[in-house]
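According to UniProt numbering, the sequence shown is numbered sequentially starting from 1.
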Amino acid sequence: MTTYAIGDLQGCHAEFVELLEALDFDPRRDRLWLAGDLVNRGPGSLACLREVMALGEAARVVLGNHDLHLLAVARGGAALNRKDTLDAILAAPDREALLDWLQSRPLLVRDTLGQDTLMTHAGLLPQWSLDQAAGLAREVQAVLGGEHAGAFLERMYGNAPALWRDDLDGVDRLRAIVNVFTRMRFIDAEGRLDFSAKEGLDSAPPGFAPWFQYPRGDGARLLFGHWAALQGATPHSRVDAQALDTGCVWGGALTALALESGERASVPSRRR
């Protein structure tokens, strides 16, 4: 059995199928971890959702910012953006089953695979312990699975508060958790998030650095997607952080990391 971790699909269904074939992936034997953003921007978002959902227990998926955007549009009253490619999902006959499945996905997956391994879409705040992070992720998952999910999705967006505090409550607390797990790139020494810089490391604002350049003491392996400009690299990292998003939807590649061996395999984007 091999466990493969794959970064943002973002509707790159043809490349996803090609990569699984190249890996000789067998859901009866192997396992798949997907770092969120299954949908949007690429041409095959509906097919990606159906493909991953059909894998059942063989696939473990975390929510990304584009997945949450789909849920906010479908169930929280948010508007589609000009570049969105979500219409096919919203019009699909199996729309509600797909949305129910997506809404039940967590923000964090954790397991022991040779070492304590944790996957989120964007990363892990260095001020949070692994247990704290898992608990905070469960708080959001409980809300998304409850009767007030739509109300939260309506108020989910926003850049404040940018600095985590343990005494945050209500929507501010939930929004801060979601922003760390699905939007984080650069932070300052206190853990304050910057939302303006989205490119490579040289785009860091003064006083900010990539979240993975701040030390931790737990020795965990941290898997994340979200940051295509890194092209799978984490320069000067002070933790065991593995970047999975290699920008398939932007003309890069779709990459799988074998968690047991550390080997990577990629297929080129068809959008070149």
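Glycine included, C-beta positions come from ideal geometry on N, C-alpha and C.
When the Cα atoms are used, what is the spatial distance from residue i to residue j?
i	j	result
L83	A58	Checking the displayed sequence, the identity of residue 83 turns out to be Lys instead of Leu. Approximately 31 angstroms, taken between the alpha carbons.
E147	A72	15 angstroms
N81	D87	11 angstroms
R272	A256	19 angstroms
A258	P210	24 angstroms
G11	R264	21 angstroms
P106	P206	33 angstroms
P41	T85	According to the sequence provided, residue 41 is Arg. The question's Pro does not apply to it. So the two alpha carbons sit approximately 5 angstroms from each other.
F152	D166	20 angstroms
A92	S45	11 angstroms
L174	L254	31 angstroms
E199	L168	30 angstroms
E139	G262	32 angstroms
P161	M1	42 angstroms
F195	E51	32 angstroms
L55	P27	7 angstroms
P235	S266	20 angstroms
F25	G252	22 angstroms
V171	R155	7 angstroms
T182	M53	20 angstroms
E260	S237	21 angstroms
T117	L20	22 angstroms
G64	A97	19 angstroms
L102	D202	34 angstroms
W250	A241	22 angstroms
Y157	G150	13 angstroms
Would you mind working out which of the options sits nearest residue i, comparing C-alpha positions?
i	options	result
W227	L55, P43 and H66	H66
A204	A149, P93 and F186	F186
A14	L38, T3 and R31	L38
L32	M119, P43 and G114	M119
A229	N159, C248 and Q213	C248
N159	R221, G145, V239 and M184	M184
I6	A142, V171, H121 and V140	H121
V109	G123, L70, G252 and L201	G123
A243	A233, G252 and S237	A233
G217	S129, Y4 and E260	S129
G114	A149, W164, S269 and A220	A220
residue 274	A162, V62, C48 and L125	Outside the displayed span of the chain (1 to 272) sits residue 274, for which this structure offers no information.
R192	R175, L163, D169 and Q213	L163
L23	L99, L201 and T3	T3
D8	M1, R29 and V62	V62
L222	F195, A133, K198 and G77	A133
P126	Q213, W101, A35 and D245	Q213
F224	V178, G36, R28 and R95	G36
A189	G64, P215 and P27	P215
L136	L201, W250 and N179	N179
S104	D245, L144 and P43	L144
P268	Q231, D240 and A241	Q231
R270	D30, P43 and L68	P43
Within 7 angstroms of any Cβ in chain C, is that where the Cβ of residue i sits?
i	result
A162	Among the protein chains of the structure shown there is no chain C, as only one such chain exists.
May I ask which residues mark the beginning and end of the alpha helix (DSSP H) holding residue i?
i	result
R95	R95 to Q103
V267	First-last for V267: R264 to P268, but that is the beta strand (DSSP E), not the alpha helix (DSSP H).
D87	D87 to L90
Residue range of the beta strand (DSSP E) that residue i falls in?
i	result
D111	V109 to T112
Tell me residue i's beta-bridge partners as DSSP assigns them.
i	result
residue 276	The question about residue 276 has no answer, for the chain in this structure spans 1 to 272.
V61	L34
Report whether the distance from the Cβ of residue i to the nearest heavy atom of the ligand HEM is below 6 angstroms.
i	result
L99	In the structure on display, the ligand HEM does not appear, and there are no ligands present to speak of.
Task: Minimum length 4: unbroken alpha helix (DSSP H) runs contained in the segment 4 to 47 - done: 13 to 23
Task: Segments assigned beta strand (DSSP E), at least 3 residues, entirely inside the segment 209 to 259 - done: 221 to 224, 240 to 243 and 253 to 258
Task: Runs of alpha helix (DSSP H) wholly within the segment 101 to 170 (minimum 4 residues, chain order) - done: 130 to 144 and 149 to 155
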